[in-house]
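To start, the structure under review is shown below, and the notes come after it.
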């Protein structure tokens, strides 16, 4: 369902330049050869899931969960619906840019990035599986969007009063001097160094006692 229609009709598959974008792993074993979990998601909805992208409306995205091991091909464990936030009218593009697996099974951080008349925007969410069903056998979400993964807004970066670029990468960094964990965001300048920059943002993760 992710591949374009071989007849050339734009009725199914990923949209142009909005295919698989987010990628993260969760190492569940103790050694490098032990199996691990891999999660990936499309940047926007598939053609058969939403006929037209309207940035002000939530968009259903498919998140895939694989088990990777060294002795056999990857095994698809499940697929879930991730619902992108609707954006304001001046936003032209809204997408799921990145995922970051957390230690607790079935939980991630997600990075949603927007672009529009006022520039770039980005939000970080905490995401959990909850009771979201497996959607791997559902051919289309067009008539009925399945129950999505649960998510909670952690940070709207537009509130930081800094000029944001095209933030698309997110990873944990080294421990900070106070022992707390760090989070790093990085932008993609699209090779347009005359109008964009490669931006790194460093955050401290606060964990309540």
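Residue numbers (this note's numbering): 78 to 286. By construction, the Cβ of each residue, glycine as well, lies at the ideal position given by its N, Cα and C atoms. The model shown is predicted, which means the values in this text are computed figures rather than measured ones.
- Spanning the alpha carbons of residue 271 and residue 103 requires a straight line of approximately 37 Å.
- Following the DSSP letters along the chain, one finds residue 223 in no beta strand (DSSP E), marked with neither H nor E.
- Going by C-alpha positions, residue 93 is about 15 Å away from residue 169.
- Nearest C-alpha to residue 279 among 268, 273 and 247: 247.
- For residue 169, the enclosing beta strand (DSSP E) stretches over residues 168-178.
- Annotation: the continuous beta strand (DSSP E) that includes residue 139 extends over 136-145.
- The beta-carbon distance between residue 158 and residue 226, rounded to whole angstroms, is 7 Å. This is short enough to meet the 8 Å contact definition.
- Partner residues in the beta bridge of residue 233, as assigned by DSSP, are 200.
- Straight across, the Cα-Cα distance linking residue 83 with residue 236 is about 44 Å.
- Note on geometry: alpha-carbon atoms of residue 204 and residue 253 lie some 24 Å from one another.
- For the pair residue 212 and residue 223, the CB atoms are nearer than the 8 Å cut-off.
- Under the Cβ criterion (8 Å, minimum of three pairs), the stretch 168-183 counts as touching the stretch 126-137.
- Taking a cut-off of 8 Å for Cβ pairs, the stretch 214-221 and the stretch 116-126 touch, as three or more such pairs fall below it.
- For residue 159, the enclosing beta strand (DSSP E) has its first and last residue at 152-161.
- Taking 8 Å as the cut-off, the beta carbon of residue 99 is found no closer than this to the beta carbon of residue 153.
- Taking residue 243 as the centre and dropping the five residues before and after it, the same chain places the C-beta of 197, 264 and 265 closer than 6 Å to its C-beta, in chain order.
- Judged by DSSP in its simplified three-state form, residue 263 adopts strand.
- If the five residues before and after residue 194 are omitted, its C-beta is found closer than 7 Å to the C-beta atoms of 167, all from its own chain and listed in chain order.
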